[in-house]
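Q: Here it is, the structure, as structure tokens.
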Amino acid sequence: MNMMSHPLGMFPKTLDDPVIDRCFEARLPEQIEAVLQLLGDALAVMHDDSERASARLVQAIGLLQPVTPALPPSARGSGGLVGWQIQRVDHFIDQHLESPIRTPQLAATCNLSVSHFSHAFKQALGVAPLAYVARRRIEAARQVMLVSSASLTEIALGHGFCDQSHFCRTFRREVGLSPKTWRRMFGARN
Numbered sequence: 005m006n007m008m009s010h011p012l013g014m015f016p017k018t019l020d021d022p023v024i025d026r027c028f029e030a031r032l033p034e035q036i037e038a039v040l041q042l043l044g045d046a047l048a049v050m051h052d053d054s055e056r057a058s059a060r061l062v063q064a065i066g067l068l069q070p071v072t073p074a075l076p077p078s079a080r081g082s083g084g085l086v087g088w089q090i091q092r093v094d095h096f097i098d099q100h101l102e103s104p105i106r107t108p109q110l111a112a113t114c115n116l117s118v119s120h121f122s123h124a125f126k127q128a129l130g131v132a133p134l135a136y137v138a139r140r141r142i143e144a145a146r147q148v149m150l151v152s153s154a155s156l157t158e159i160a161l162g163h164g165f166c167d168q169s170h171f172c173r174t175f176r177r178e179v180g181l182s183p184k185t186w187r188r189m190f191g192a193r194n
């Protein structure tokens, strides 16, 4: 494969490492190719056009963000939670991440009945409240795994999971990789 046609070809290969060699030889998933192309574009124009470079970086970050399900057509109208309500829910989740969180507690933060809250929440965010809580817990756990060498059990218990097994199942469902594999690829080194 021609190195210039490969998405990594725009970056200098300075380390002699078999893992890096495999990266340069591998056919990358389309999304990763797009991110690398955007990063390469940003790098190329960084000194001459910082605004364009910033735009490319924002686009790359957007491709890397977990995808939030698209809102169903019925959710585009009225009836969903409004911004301040979502902020209150997010704040409550952040403050109680390590504790069990139940839908009635979330509904109380918005002064809504459980039924109305659940319906409005799903309309606004496209997922059920407790699925959203699980997603937020996993995202917080990923942030800890980036900088900490704490055990997966400690991370699981510190983020509201009853045990490591539940954490691992939820992590795999949300991220597509086991926590151990994800940490090996992206996380803190011991």
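Each step along the sequence shown adds one to the number in this note's numbering, with nothing skipped, and position 26 is 30. Where is the CB? At the ideal position from N, CA and C, for every residue including glycine.
(1) Give the straight-line distance between the Cα atoms of L161 and E102, rounded to the nearest whole angstrom.
(2) Do G83 and Q41 count as a contact pair if the criterion is CB distance below 8 Å?
(3) Pull up the distance between the alpha-carbon of I90 and that of S155, whole angstroms please.
(4) Just tell me which of T107, P108, A138 has its CA closest to the CA of V179.
(5) Name the two residues that bound the continuous alpha helix (DSSP H) containing S117.
(6) One question on the structure: do C172 and P183 come within less than 8 Å of each other, judged by their Cβ atoms?
(7) Check for me: the alpha helix (DSSP H) holding C166 runs from which residue to which?
(8) Output needed for P104: all residues of its chain with C-beta closer than 8 Å, excluding positions within five of it in sequence on either side, in chain order.
(9) List the endpoints of the continuous alpha helix (DSSP H) containing H100.
(10) Measure the Cβ-Cβ separation of A112 and S122 and say whether it is below 8 Å.
(11) If you run the structure through DSSP and keep just helix, strand and coil, what is D53?
(12) Taking the straight line between their C-alpha atoms, what separation do you get for V39 and S169?
(13) Beta-carbon within less than 6 Å of R3's beta-carbon, same chain only, minus the 5 sequence neighbours each way: which residues are those?
(14) For V93, does the count of other Cβ atoms within 10 angstroms reach 16, so buried, or fall short, so exposed?
A: In brief:
(1) 7 Å
(2) no
(3) 32 Å
(4) A138
(5) Taken as a continuous stretch (DSSP letters only), S117 belongs to no alpha helix (DSSP H), as it is neither H nor E.
(6) yes
(7) Run containing C166: none; DSSP gives neither H nor E here.
(8) G164
(9) Per DSSP, H100 belongs to no alpha helix (DSSP H) and is neither H nor E.
(10) no
(11) coil
(12) 32 Å
(13) No statement about residue 3 is possible, as the shown extent of the chain runs from 5 to 194 and does not include it.
(14) buried
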